[in-house]
Amino acid sequence: MQTIYDLTLKQMQEMLEAHGQKAYRAKQIFSWLYRKRVSSFDEMSDLPKSFIEQLKQEYSIEPLKEIQRQVSHDGTIKFLAELQDGSSVELVLMHFQYGDSLCVTSQVGCNMGCSFCASGLLKKQRDLTAGEIVGEVMFVQKQLDKEGRRVDNIVVMGTGEPFDNYTNVMNFCSIVNSDLGLAIGSRHITISTCGIVPKIREFAQGHYQYNLAISLHAPTNELRRKLMPIAKPYPLDELMQALREYSEDNHRRLTFEYILLHGVNDSDEMAITLANLVRGMNAYINLIPYNQVDENGYIGVDDKKALHFYDILMKHGVKATLRQKHGDDIDAACGQLRAKHERNKQSS
Ligand code: SAH
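Residue numbers (this note's numbering): 20 to 367.
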């Protein structure tokens, strides 16, 4: 069954007209869904009863069901939830001084095959619909409502490659960004991609105001090919060219994500090569501590090493940040909890 959250305002108006209802009711439904955040169609008291029955037949309003949750000592919460077809998705809620940030999943599994990542342990089964991703945010927002908190920021950095599910992800962003939706500002929404160049160009042409983050993880094409298969069809120089164009045309600052992997991409020489690659761009490098995945043998670096790498970047004229570790006592790395859950399902 399709979820009601799939519909953009325009699609909601079209749906209403197809049912012989007035288009203005789209705003009423949006208000019930995103302002009052009801959990059943029956609560939409200003809609005709017979139409409510039709909605119930055709759309679900709670597309996610909680399976499990893990709470970290630092306040990070990881949810494992089930979609209507039985697939499971992970959500991570992180609490920062500047607000609550939610990391959403865009696909069931992932086909990008990055060698350090747990998501790729389970190949892509399907794309999530826009409404399922909106449903992830609503699921968490309804929990936060109990404490008077709200999802302030969204990062599309959970399992899946958002630019491999481009249309649905962009519809998702537009629904949560809409004034009549959750009204989460576009500067508070970040999309992270492993580097699908044609989609970066399409995104650039759309002149969206969402933040763009690039999973770089290697400053040379040779190393990037080893870590990230996407570098084969889209080599580093092509990626950097598309990003320069995006950043200049849109006057937007880019974020490069760089996981520090011990003995792989953490040498002084790598830091200098990275600085040379990025210097001059309107960008900064976010150094990410590695959440260890048992299956693949990589290990992270200690704080001292991370700080040293950071210093080299700064000395060579590139802005960087050191991301705080979140949820390292729970299975917070993309795909870890879900991979565990699927394995347990198979063995039971
Ligand atoms: N496919 C998208 C978004 C999902 S991954 C992308 O590649 O950007 C989100 C980020 O988490 C990426 O930068 C990814 O490289 C990183 N990541 C994956 N596994 C990780 C791990 N075990 N520890 C830390 N970061 C990880």
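We put the CB at the ideal spot given by N, CA and C, even for glycine.
Here the C-alpha atom of Pro181 lies approximately 10 angstroms from the C-alpha atom of Ile215.
Your pair Leu279 and Gly319 checks out as a contact, with CB atoms roughly 6 angstroms apart and the cut at 8 angstroms.
The Cβ atoms of Ala339 and Leu306 sit closer than 8 angstroms to each other. By a beta-carbon distance limit of 8 angstroms, Leu99 does not contact Gly154. Their separation comes to about 14 angstroms. In summary, Val123 is buried, with 16 or more beta-carbon neighbours lying within 10 Å of its beta-carbon over all protein chains present. Relative to ligand 1, the nearest heavy atom lies less than 7 angstroms away from the CB of Ile307. The C-alpha of Thr209 is placed about 18 angstroms away from the C-alpha of Glu267. The residue among Cys129, Leu141, Ile173 with its C-alpha nearest the C-alpha of Gly179 is Cys129.
Not a single heavy atom of ligand 1 lies less than 7 angstroms from the C-beta of Cys192. At a cut-off of 7 angstroms, the beta-carbon of Val111 does not count as near ligand 1: no heavy atom of the ligand is closer than that. The three-state secondary structure of Cys213, taken from DSSP, is coil. For Ser91, the CB stays at least 7 angstroms from every heavy atom of ligand 1. Taking the Cα positions, Pro254 is about 6 angstroms away from Asn240. Comparing C-alpha distances from Gly118 to each of Thr95, Pro248, Leu326 shows the shortest one belongs to Thr95. In this structure, the alpha-carbon of Asp61 lies about 12 angstroms from that of Ser79.
DSSP places Cys122 inside the beta strand (DSSP E), whose first and last residues are 118-122. A residue is called buried once 16 or more other Cβ atoms fall within 10 Å of its Cβ, and Thr186, having fewer, is exposed.
Taking a 10 Å sphere around the C-beta of Pro238, we find 16 or more other C-beta atoms and assign the residue as buried. A direct Cα-to-Cα measurement between Lys142 and Met157 gives close to 26 angstroms. Annotation for Met113: the continuous beta strand (DSSP E) segment containing it runs 107-115.
Note: Tyr303 is bridge-paired with Thr274 in the DSSP secondary-structure output. For a cut-off of 8 angstroms, the C-beta gap from Ile249 to Phe275 is around 15 angstroms, too long to register as a contact. Counting C-beta pairs closer than 8 angstroms gives fewer than three between the segment 84-94 and the segment 144-152, which falls short of the contact rule. By the CB criterion at 8 angstroms, Gln126 and Met20 fall outside the cutoff. A direct Cα-Cα distance of roughly 19 angstroms separates Pro252 from Ala232. Rounded to the nearest whole angstrom, the CA to CA distance from Ile173 to Phe115 is 13 angstroms.
In the same chain as His38, and ignoring 5 residues on each side of it, the C-beta atoms closer than 7 angstroms to its own belong to Phe70, Gln73, in chain order.
Counting only runs of at least 4 residues, the segment 226-261 fully encloses the following alpha helix (DSSP H) elements, listed from N- to C-terminal order: 240-246. If you draw a straight line from the Cα of Ser234 to the Cα of Ala290, it is about 16 angstroms long. For Glu276, the distance from the CB to the nearest heavy atom of ligand 1 is below 7 angstroms.
By the CB criterion at 8 angstroms, Ser134 and Asn315 fall inside the cutoff.
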